[in-house]
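Participant: Taken in order, these protein sequences are the chains called A and B. For the first sequence, position 296 matches number 295 in numbering that gives the first Met the number 0, and the numbering has no gaps at all. For the second sequence, position 237 matches number 236 in numbering that gives the first Met the number 0, and the numbering has no gaps at all. Take a look at this one; I'll ask things after.
Number of protein chains: 2
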Amino acid sequence: MKEKEFIKIIKTTLKSDYIGDDCAYLKDLGIVMTQDSLVEGVHFSRHFATPYQLGFKSVAVNISDICASGAEPKYLTIALSLPHITDTDFIKEFYIGAKKASNGAKIVGGDITGADKIFISVTAIGSTKNRKISARSHARVGQKIVIAGEHGSSALGLNLLKGMYYPRLSEDERFYFTNSHLMPKVQIGFSEQIAKTQKTDYAMTDTSDGLADALFNIAEASKVMLDVDFDKIPYAESLKKITDYEDLILFGGEDYGLIATVDDPQDLTVIGEVKEGNGVKINYPGFSQFFEKNDIERNLYNHFKE
Amino acid sequence: MKEKEFIKIIKTTLKSDYIGDDCAYLKDLGIVMTQDSLVEGVHFSRHFATPYQLGFKSVAVNISDICASGAEPKYLTIALSLPHITDTDFIKEFYIGAKKASNGAKIVGGDITGADKIFISVTAIGSTKNRKISARSHARVGQKIVIAGEHGSSALGLNLLKGMYYPRLSEDERFYFTNSHLMPKVQIGFSEQIAKTQKTDYAMTDTSDGLADALFNIAEASKVMLDVDFDKIPYAESLKKITDYEDLILFGGEDYGLIATVDDPQDLTVIGEVKEGNGVKINYPGFSQFFEKNDIERNLYNHFKE
Chain A
0 MKEKEFIKII
10 KTTLKSDYIG
20 DDCAYLKDLG
30 IVMTQDSLVE
40 GVHFSRHFAT
50 PYQLGFKSVA
60 VNISDICASG
70 AEPKYLTIAL
80 SLPHITDTDF
90 IKEFYIGAKK
100 ASNGAKIVGG
110 DITGADKIFI
120 SVTAIGSTKN
130 RKISARSHAR
140 VGQKIVIAGE
150 HGSSALGLNL
160 LKGMYYPRLS
170 EDERFYFTNS
180 HLMPKVQIGF
190 SEQIAKTQKT
200 DYAMTDTSDG
210 LADALFNIAE
220 ASKVMLDVDF
230 DKIPYAESLK
240 KITDYEDLIL
250 FGGEDYGLIA
260 TVDDPQDLTV
270 IGEVKEGNGV
280 KINYPGFSQF
290 FEKNDIERNL
300 YNHFKE
Chain B
0 MKEKEFIKII
10 KTTLKSDYIG
20 DDCAYLKDLG
30 IVMTQDSLVE
40 GVHFSRHFAT
50 PYQLGFKSVA
60 VNISDICASG
70 AEPKYLTIAL
80 SLPHITDTDF
90 IKEFYIGAKK
100 ASNGAKIVGG
110 DITGADKIFI
120 SVTAIGSTKN
130 RKISARSHAR
140 VGQKIVIAGE
150 HGSSALGLNL
160 LKGMYYPRLS
170 EDERFYFTNS
180 HLMPKVQIGF
190 SEQIAKTQKT
200 DYAMTDTSDG
210 LADALFNIAE
220 ASKVMLDVDF
230 DKIPYAESLK
240 KITDYEDLIL
250 FGGEDYGLIA
260 TVDDPQDLTV
270 IGEVKEGNGV
280 KINYPGFSQF
290 FEKNDIERNL
300 YNHFKE
């Protein structure tokens, strides 16, 4: 799927200023809005995920987008398309999981239709009341880059679910990583702290398609360079048991962490600084690596594909 | 698809008061919200509809839900899942059609993913500013039943698209009916007039699943009887060339007309009156027919199925 190319065509066709951030910011209504879909065989497999986990994750990824804007998650609608053989227990478990992930937002509607495969599309609405709202284009030279959430765990969990063998991981560690993939934790507290306390504009986005991609999206939209110290990025200690764990941390997707560039980092975890230039620079002990558009796109995280 | 059964389970699982009307009314934000999906092979076929028509209809059915609430259509997001072979022209034509049907609402986001079949899920937001918002439970005995939109045309159009042969219809008439199905007219003026001028509560819903179903939904939610004179229902004159055209008018879906029960019908087309009792009574010259829950469900309109 040539997703980025298609989005360019949509922007041109609609002449829209709204498309580009994790949410559309609808100032006149005091809300943000986002819609994200999960397709069976593309984003998940029924062999790996229970209906509860599917409901949970479908809502979590949309709550994460609301958090990336800085708004307060308020309402959700869910469109479900299901094979005709689906039983009522599936629906019940799905909605219990969806409710669990809603972080206080209310599920207020949607529809159910038939289909060959499961298709889930969730829309989330957030309130901007008493919040400063982010934009990817708001990064400014001199700001600190702050982060919430471990990175790399979800991608390793997906590898485990797909049957890849990591002999050095314990049973507990395997469970930890697969659970990170199936039921991602949303960074609602980090989002609220920034949106309620920053006095100046800030950029924020979630790391749904990988940390490097998220950093790059801010760098590109703001025309700056994001300079990051690899050792400051939070990740699970046992990830180090994996060869090339650095790639999982930078390019693995679906951790649904948040990164932001802020003038006042307070007590948040700082991983780097916004500098003049473009692209993303990752500093390892002793050397640095520079990523431009092509590097990011070549390494772009591929969600589950059957 | 046991859609009504599933919705009951969802309502029980969520303990939600919001589900039941065409839109969820989110009073604290001053908005209404709705999400509706179209699935290839269930709601449409690519053999019948161009990408432009698909974009148009996907948006029109959601704008129609906003109109049914009485709110002003403001914003839309569109989630598209497309087979990998889809070309960029499809996307472009789809969005031109979507924009055409948006009636001034802005398309502000959504996403694109891969899938085996086309799946379209649209969310629409409406503003309740200076509008009185409808509920299906607001019908009161003595109110007049008013209507907008021709009925039966879309269902006949679908039959024509499916290859049914109606020798008495002219080429122009065939085009008229298929076009009614592929590019339904949304009753935005009727909705605005009612929502801006009615001084008392009113019920309103669209006729997406057929006129009889819409009448019945209001009767059931309001615990009243809707008493309708068949001859007052607007329909295309040439529909009379079809045997059993009365069934198309009452049970054919996807005309996306609106019906409302109001205290002050003004210049609107009155088709009947709200009375004590339950269900729907249709009066023909010389006799009356009474419809209860089972009659409606037995005749419920089936969207296109491959």
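By construction, the Cβ of each residue, glycine as well, lies at the ideal position given by its N, Cα and C atoms. This structure is a prediction, so every number in the text was calculated from the model and none was measured.
Does the structure place the segment 45 to 55 of chain A close enough to the segment 163 to 176 of chain A that three or more beta carbon pairs sit under 8 Å?
Facilitator: Cβ pair count under 8 Å is below three, so no.
Participant: Taking a Cβ distance cut-off of 9 Å, strictly less, list which residues of the segment 31 to 65 of chain B are near chain A, in chain order.
Facilitator: Taking 9 Å as the Cβ-Cβ cut-off against chain A, the residues of the segment 31 to 65 of chain B that qualify are Met32, Thr33, Gln34, Asp35, Ser36, Leu37, Val38, Glu39, Gly40, Val41, His42.
Participant: For B:Ile9, would you say it is in contact with chain A, using Cβ-to-Cβ distances shorter than 9 Å as the test?
Facilitator: Answer yes: the Cβ-Cβ gap between B:Ile9 and chain A drops below 9 Å somewhere.
Participant: I need the DSSP call for B:Asn301, collapsed to helix, strand or coil.
Facilitator: The answer is coil: DSSP assigns B:Asn301 none of H, G, I, E or B.
Participant: Determine the contact status of A:Leu181 and A:Ile241, defining contact as a CB-CB distance below 9 Å.
Facilitator: For A:Leu181 and A:Ile241, no; Cβs fall outside 9 Å.
Participant: Between A:Thr12 and chain B, is any beta-carbon pair separated by less than 9 Å?
Facilitator: For A:Thr12, the answer is yes, since a Cβ of chain B falls inside 9 Å of its Cβ.
Participant: Should A:Val223 and A:Val145 be called a contact, given that it needs their Cβ atoms to be closer than 9 Å?
Facilitator: Their beta carbons are not under 9 Å apart, which means A:Val223 does not touch A:Val145 by this criterion.
Participant: For A:Ser68 and chain B, any beta-carbon pair shorter than 9 Å?
Facilitator: No, A:Ser68 does not count as interfacial toward chain B.
Participant: Under DSSP, the beta strand (DSSP E) around A:Asp205 begins and ends at which residues?
Facilitator: 202 to 205 is the extent of the beta strand (DSSP E) around A:Asp205.
Participant: Taking any Cβ of chain B, which residues in the segment 90 to 115 of chain A have a Cβ under 8 Å from it, in chain order?
Facilitator: If the cut-off is 8 Å between Cβ atoms, the segment 90 to 115 of chain A has Ile90, Lys91, Tyr94, Ile95, Lys98, Lys105, Ile106, Val107, Gly108, Gly109, Asp110, Ile111, Thr112, Gly113, Ala114, Asp115 near chain B.
Participant: Counting only C-beta atoms, is B:Asp243 closer than 9 Å to chain E at any point?
Facilitator: Among the protein chains in the structure shown, which are A and B, there is no chain E.
Participant: Check B:Pro284 in the structure and name its three-state DSSP category.
Facilitator: Correct three-state label for B:Pro284: coil.
Participant: Indicate whether B:Ala202 and B:Gln142 have their beta-carbon atoms separated by less than 9 Å.
Facilitator: In this structure, B:Gln142 lies closer than 9 Å to B:Ala202 by Cβ.
Participant: Please identify the residue among B:Lys56, B:Asp228, B:Asn158, B:Lys10 whose C-alpha is closest to the C-alpha of B:Gly285.
Facilitator: Residue B:Asp228 is the option with its Cα nearest to B:Gly285.
Participant: What residue range is occupied by the uninterrupted alpha helix (DSSP H) comprising B:Val185?
Facilitator: Counting along the chain, B:Val185 falls outside any alpha helix (DSSP H), and DSSP gives it neither H nor E.
Participant: When the distance is taken between beta carbons, is A:Asp205 closer than 9 Å to A:Ala218?
Facilitator: For A:Ala218 and A:Asp205, no; Cβs fall outside 9 Å.
Participant: Would you decide whether B:Asp27 is buried or exposed? Buried here means 16 or more other CB atoms lie within 10 Å of its CB.
Facilitator: Label assigned to B:Asp27: exposed.
Participant: DSSP three-state label for A:Val60, please.
Facilitator: Correct three-state label for A:Val60: helix.
Participant: Alpha carbon to alpha carbon, how far is B:Ile193 from B:Asp246? Give it in angstroms, no decimals.
Facilitator: Spanning the two alpha carbons is a distance of roughly 28 Å.
Participant: What do you get for B:Gly109, buried or exposed, if any count of 16 or more other CB atoms within 10 angstroms of its CB means buried?
Facilitator: Flag for B:Gly109 reads buried.
Participant: Roughly how many angstroms separate the alpha carbons of A:Val38 and A:Arg45, rounded to a whole number?
Facilitator: Answer to the nearest angstrom: the Cα atoms are 11 Å apart.
Participant: Is there a Cβ from chain A that is less than 9 Å from the Cβ of B:Asp205?
Facilitator: Output row for B:Asp205: interface = no.
Participant: Please tell me whether A:Lys116 and A:Gly40 are closer than 9 Å, where the distance is taken between their beta carbons.
Facilitator: It is a contact, given that the beta carbons lie within the stated cut-off.
Participant: Within 10 angstroms of the Cβ of B:Gly256, are there 16 or more other Cβ atoms? Answer buried if so, exposed if not.
Facilitator: Under this definition B:Gly256 is a buried residue.
Participant: Leaving out five residues before and five after B:Asp20 in sequence, what residues of the same chain have Cβ atoms less than 8 Å from its Cβ?
Facilitator: Ala67, Ser68, Ser133, Ala134, Arg135, Thr204.
Participant: Less than 9 Å separating the beta-carbons of B:Pro183 and B:Glu253?
Facilitator: Cβ distance < 9 Å, so B:Pro183 and B:Glu253 count as in contact.
Participant: From B:Phe189 to B:Ala147, what distance separates their C-alpha atoms?
Facilitator: So the two alpha carbons sit approximately 7 Å from each other.
Participant: Taking the beta strand (DSSP E) that A:Ile306 belongs to, which residues open and close that run?
Facilitator: This structure cannot settle anything about residue 306 of chain A, because the visible part of chain A is limited to 0 through 305.
Participant: State whether the segment 77 to 96 of chain A contacts the segment 53 to 60 of chain B, with contact taken as three or more CB pairs (one from each stretch) at a distance under 8 Å.
Facilitator: Cβ pair count under 8 Å is below three, so no.
Participant: Please tell me whether B:Asn216 has its Cβ less than 9 Å away from any Cβ of chain A.
Facilitator: B:Asn216 does not count as touching chain A.
Participant: Given that A:Leu25 touches chain B, what residues does it touch there, using C-beta distances under 8 Å?
Facilitator: Residues of chain B passing the Cβ test: Lys73, Tyr74, Val107, Ile124.
Participant: Please list, in chain order, the chain A residues whose beta carbon lies closer than 8 Å to that of B:Leu28.
Facilitator: Those within 8 Å of B:Leu28 in chain A are Leu28, Gly29, Ile30, Lys73, Tyr74, Ile124, Ser126.
Participant: Can you give the Cα-Cα distance for B:Asp243 and A:Asp16, rounded to whole angstroms?
Facilitator: B:Asp243 and A:Asp16: Cα-Cα distance of roughly 50 Å.
Participant: Which partner residues of B:Val279 appear in the DSSP bridge assignment?
Facilitator: Answer is B:Leu225, B:Phe290, bridged to B:Val279.
Participant: Which chain A residues sit within Cβ distance under 9 Å of B:Ile18?
Facilitator: Ordered by position in chain A, the residues that pass the 9 Å Cβ test against B:Ile18 are Ile106, Val107, Gly108, Gly109.
Participant: So A:Lys73 packs on A:Ser126, CB below 8 Å; how close in whole Å?
Facilitator: Rounded, the Cβ-Cβ distance is 5 Å, consistent with contact.
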